[in-house]
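Structure first, then comments.
Residue numbers (the numbering used here): 263 to 452.
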């Protein structure tokens with residue numbers, strides 16, 4: 263488990279309790295090693311992703327990670343912000359896809375701002391690429407306050423695009439056989 267700062271640590275601590283109970287119920291062994299990441303790591307070592315955290319993650323069978331930072335770190339330089347540790351962790355572990363399921367359970371249909379007949383049966387999986395694009399491209403800010411200019415470069419390699427597309431196609435084959443690509447291909451080369 264990677265520790266950040268409260269309240270995210272409280273959330274991951276409860277997740278560990280659920281995992282322990284599940285492991286016990288099914289006769290599995292659960293070994294948990296806690297390491298710092300993001301804000302907690304910055305406070306302890308001035309590094310949002312210490313080497314010992316990376317080493318521990320690479321030698322683990324799974325990594326549980328909650329939120330990594332908060333507004334207290336907004337004034338830190340970009341390379342020392344909690345999210346910089348998260349981006350490095352993704353790269354070190356090769357975590358290239360973010361999978362975000364969106365479902366509407368029948369019990370919650372009436373709570374939706376949309377009519378129940380519209381949300382009924384909603385079952386969508388959003389697949390987002392994490393290791394290319396704007397998060398890992400060159401960035402810069404120039405100019406004086408009041409007239410600054412910011413540039414964030416979005417670059418993808420063909421293997422990065424193929425890898426995420428392949429995952430999305432494979433998931434679609436196992437689900438409802440439908441896939442929608444959301445991009446700006448009409449105005450962006452990337």
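Backbone N, C-alpha and C fix where the C-beta goes; we use that ideal spot for every residue, glycine too.
What you are looking at is a predicted structure, and each value in this text was computed from that prediction instead of being measured.
Inter-residue spacing [alpha-carbon to alpha-carbon] between residue i and residue j
i: residue 450; j: residue 283; result: 48 Å
i: residue 452; j: residue 279; result: 43 Å
i: residue 311; j: residue 348; result: 8 Å
i: residue 337; j: residue 301; result: 12 Å
i: residue 264; j: residue 305; result: 14 Å
i: residue 448; j: residue 359; result: 24 Å
i: residue 313; j: residue 354; result: 11 Å
i: residue 364; j: residue 406; result: 43 Å
i: residue 409; j: residue 295; result: 47 Å
Range covered by the beta strand (DSSP E) that runs through residue i
i: residue 361; result: 359-365
i: residue 330; result: It is not in any beta strand (DSSP E) - residue 330 carries neither H nor E in the DSSP assignment.
Same chain, Cβ closer than 7 Å to residue i, neighbours up to 5 away in sequence not counted
i: residue 434; result: 440, 441
i: residue 414; result: 396, 399, 401
i: residue 281; result: 292
Cutoff 8 Å; reference residue i; Cβ partners in own chain excluding five residues on either side
i: residue 383; result: 366
Best match in the options for proximity to residue i [C-alpha to C-alpha]
i: residue 309; options: 419, 287, 344, 414; result: 344
i: residue 292; options: 325, 315, 299; result: 325
i: residue 420; options: 341, 391, 339; result: 391
Boundaries (first-last residue) of the alpha helix (DSSP H) holding residue i
i: residue 433; result: 420-436
i: residue 401; result: Unbroken run through residue 401 is the beta strand (DSSP E), 401-404; no alpha helix (DSSP H).
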